[in-house]
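Position 151 (the sequence shown) corresponds to 151 in my numbering; numbering is contiguous.
The beta-carbon is built from N, C-alpha and C at its ideal position, and this holds for glycine as well.
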Amino acid sequence: MDRQEHIHTICAGEQIEAAYTAALRDLQEITRIYVFADNELYVNSSRDEERTKAHKTAVREAVNGVKALAASLKIPASLVYIDPPASGSVAAAVQKIRSGYPGARYTFDLSGGSKDLSLALFQISLWLEGDAYYAFAGPREAEPSGKLAVPKIPLRDIAANPNYTRILTVLSNTPGKQEPAPRILSRSYIFTQLESFYVPVRTKGVKTNASPTKTDAVTGKRAVIPVLSQGTFSNFLNVMLAADLIREVPGPTDNRKEKYYQITPGGELAVQLAGSLK
1 MDRQEHIHTI
11 CAGEQIEAAY
21 TAALRDLQEI
31 TRIYVFADNE
41 LYVNSSRDEE
51 RTKAHKTAVR
61 EAVNGVKALA
71 ASLKIPASLV
81 YIDPPASGSV
91 AAAVQKIRSG
101 YPGARYTFDL
111 SGGSKDLSLA
121 LFQISLWLEG
131 DAYYAFAGPR
141 EAEPSGKLAV
151 PKIPLRDIAA
161 NPNYTRILTV
171 LSNTPGKQEP
181 APRILSRSYI
191 FTQLESFYVP
201 VRTKGVKTNA
211 SPTKTDAVTG
221 KRAVIPVLSQ
231 GTFSNFLNVM
241 LAADLIREVP
251 GPTDNRKEKY
261 YQITPGGELA
271 VQLAGSLK
């Protein structure tokens with residue numbers, strides 16, 4: 001079976017060499033590069049100020065650096081000129097690329113380029129369900145890019161299912177502790193953490209057990225506890241994986257029978273915002 005094409009689009013800017021290097025590290029399956037540049041960057045004018053001339057030169061050199069690096073790795077790289085308004089030009093350019101590579105995966109780095117160009121590519125990324133990356137400038141003005149947390153499931157649907165928010169909360173942090181990075185937890189551990197808090201979304205066909213210790217305050221009988229099945233739990237995880245709220249990651253051991261999960265930036269944002277809809 002042929003390898004799926006992975007097309008990575010970069011907005012032309014002075015720091016795109018660093019952005020491209022980071023992309024190669026994090027997205028090792030990239031097969032083609034397209035650098036989208038505002039057409040005016042390649043048009044010289046006698047009215048340009050010295051600062052503008054220096055900027056245009058720096059961007060062109062950065063683009064050449066990306067193309068040279070791509071060539072050394074035998075990854076085809078193309079420069080696409082974008083005329084204003086960017087929204088129409090970008091859509092036409094991407095459609096032309098898609099016609100040549102149907103079924104390709106798309107990722108976008110929005111760190112360089114004008115606001116119009118970055119916004120136009122971000123809009124396209126939503127329609128193509130492609131991951132978008134952006135490097136927020138730091139003290140060195142060249143911070144590593146991070147994937148933008150774009151929702152793939154309505155927030156109201158996440159908030160409406162308390163099992164989703166419970167799983168996200170468990171993955172997000174340890175109560176009372178501050179952790180520098182998202183936790184990596186096993187499937188079995190997450191299951192046990194959800195089991196006691198499981199709330200059936202369906203009203204019919206839910207298996208229950210009588211609690212050996214808890215009593216119903218109204219009837220005085222043993223409380224009825226809903227049973228979380230492995231199948232239902234798997235459905236929760238599959239929905240959250242598809243929505244990019246969590247990701248499956250390698251575990252700390254070589255036990256291939258156990259799966260491990262980590263919350264994504266989108267999941268972190270979802271668990272923060274879901275409480276406002278309750």
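Taking the beta strand (DSSP E) that residue i falls in, what are its first and last residues?
i    : result
A68  : Unbroken run through A68 is the alpha helix (DSSP H), E50 to S72; no beta strand (DSSP E).
A132 : D131 to Y134
F108 : R105 to D109
I184 : I184 to S186
S45  : First-last for S45: undefined, no H or E at that position.
V249 : I246 to V249
I75  : Element bounds for I75: n/a, residue is neither H nor E.
Cα separation between residue i and residue j?
i    : j    : result
A142 : Y189 : Model confidence at A142 stands at a pLDDT of 49, short of 50, so the residue's coordinates are unreliable; what they give is reported in the following sentence. Between A142 and Y189, the C-alpha separation is close to 38 Å.
A23  : S99  : 24 Å
K152 : R47  : 46 Å
H6   : G130 : 10 Å
P139 : A86  : Interpretation of P139 is limited by its pLDDT of 42, a score under 50 that renders its predicted location unreliable; the figure taken from the coordinates is listed afterwards. So the alpha carbons of these two residues sit roughly 30 Å apart.
D83  : Y164 : 44 Å
S45  : A77  : 27 Å
T107 : Y101 : 14 Å
V218 : A160 : Low confidence applies here, because V218 scores a pLDDT of 47, under 50, leaving its location unreliable and the question unanswered by this model.
I246 : A54  : 43 Å
Q230 : A243 : 20 Å
G146 : A135 : 6 Å
G103 : L119 : 24 Å
S234 : L241 : 10 Å
V249 : Y261 : 6 Å
T232 : F191 : 11 Å
G65  : I33  : 13 Å
K67  : L155 : 40 Å
A37  : I225 : 60 Å
V35  : F236 : 38 Å
Would residue i be called buried (16 or more neighbouring beta carbons within 10 Å of its own) or exposed?
i    : result
R166 : buried
E17  : buried
L273 : exposed
E14  : buried
T9   : buried
N238 : exposed
A289 : This structure cannot speak to residue 289, because the chain is shown only from 1 to 278.
V201 : exposed
L285 : Outside the shown range of the chain, which is 1 to 278, sits residue 285, and nothing can be said about it.
S111 : buried
G88  : exposed
L41  : buried
M1   : Bear in mind that the predicted position of M1 carries a pLDDT of just 39, short of 50, making it too unreliable to give a figure here.
Give a yes or no on whether the C-beta atoms belonging to residue i and residue j are separated by under 7 Å.
i    : j    : result
V80  : L121 : no
D157 : Y133 : no
A12  : V43  : no
P182 : I263 : yes
L228 : Y198 : yes
K307 : R187 : There is simply no residue 307 to check, as the chain begins at 1 and stops at 278 in what is shown.
G266 : A149 : yes
V271 : S196 : no
Q193 : R105 : no
In the DSSP assignment, find the alpha helix (DSSP H) that holds residue i and state where it starts and stops.
i    : result
I97  : A86 to G100
T31  : Premise fails: T31 is in no alpha helix (DSSP H) and is neither H nor E.
L128 : K115 to L128
A159 : L155 to A160
Q272 : P265 to A274
S234 : Q230 to A242
I10  : It is not in any alpha helix (DSSP H) - I10 instead sits in the beta strand (DSSP E) that spans H6 to C11.
I16  : I16 to D26
> Are the region 101-119 and the region 66-74 touching, with three or more C-beta to C-beta distances below 8 Å?
Replying inline: Of all C-beta pairs linking the region 101-119 to the region 66-74, fewer than three are shorter than 8 Å, placing the two stretches out of contact.
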